[in-house]
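Numbering follows my numbering, with no gaps: position 58 of the sequence shown is 63. C-beta: ideal position from N, C-alpha, C; glycine also. Take a look at the structure below.
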Amino acid sequence: MKIKQYNALTDNLFRQLAKGNSVIYNGLLLKVEEDKLVVKGKLQNKDMELHYRLKEGDHYGFSKEQFKNIVAAREKPMFSVTLSGRFNK
6 MKIKQYNALT DNLFRQLAKG NSVIYNGLLL KVEEDKLVVK GKLQNKDMEL
56 HYRLKEGDHY GFSKEQFKNI VAAREKPMFS VTLSGRFNK
């Protein structure tokens with residue numbers, strides 16, 4: 006049962022991204038810009054923006070494996086930008 010729910014969720018997520026819409030997943034804002042997947046969210050007490058090169062896949066053109074790796078923080082971004090954060094001095 007959970008697998009069907011997860012598949013329905015990710016299929017809808019990929020469908021919305023393919024249309025050019027922004028999607029919020031697990032507290033992260035996802036959107037596609039040109040050939041990149043841009044992920045914005047709070048990581049390690051900092052607001053970050055991470056840019057990933059898109060890999061082709063069979064879910065509306067997206068790779069489900071790449072998405073899993075991004076959410077689990079196993080995929081390295083092309084580059085990242087710190088939007089704000091706390092610094093202890």
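Residue from the options with nearest C-alpha to residue i
i	options	result
Val-28	Lys-45, Asp-40, Asn-12 and Glu-39	Lys-45
Leu-55	Gly-66, Leu-42, Tyr-30 and Phe-67	Leu-42
Lys-36	Arg-79, Leu-59 and Ser-89	Leu-59
Asp-16	Glu-80, Lys-81, Asn-74 and Gly-62	Gly-62
Glu-39	Asn-26, Lys-47, Gln-71 and Asn-12	Asn-26
C-beta contact flag for residue i and residue j at 7 angstroms
i	j	result
Phe-19	Phe-84	no
Leu-14	Asp-52	no
Tyr-57	Ala-23	no
Terminal residues of the alpha helix (DSSP H) in which residue i lies
i	result
Lys-73	69-76
Residue i - DSSP class collapsed to helix/strand/coil
i	result
Arg-58	strand
Asp-52	strand
Met-6	Note on Met-6: pLDDT 43, under 50, position unreliable in the model; the coordinate value appears next. Three-state DSSP puts Met-6 in coil, outside helix and strand.
Lys-94	Model confidence at Lys-94 stands at a pLDDT of 44, short of 50, so the residue's coordinates are unreliable and nothing is read from them.
Unbroken beta strand (DSSP E) run spanning residue i, endpoints
i	result
Glu-38	33-38
Tyr-30	28-30
Whole-number beta carbon distance between residue j and residue i, since they are thought to touch under 8 angstroms
i	j	result
Tyr-86	Asn-31	Checking the sequence, you will find Val at residue 86 rather than Tyr. Val-86 to Asn-31, Cβ: 20 angstroms. No contact.
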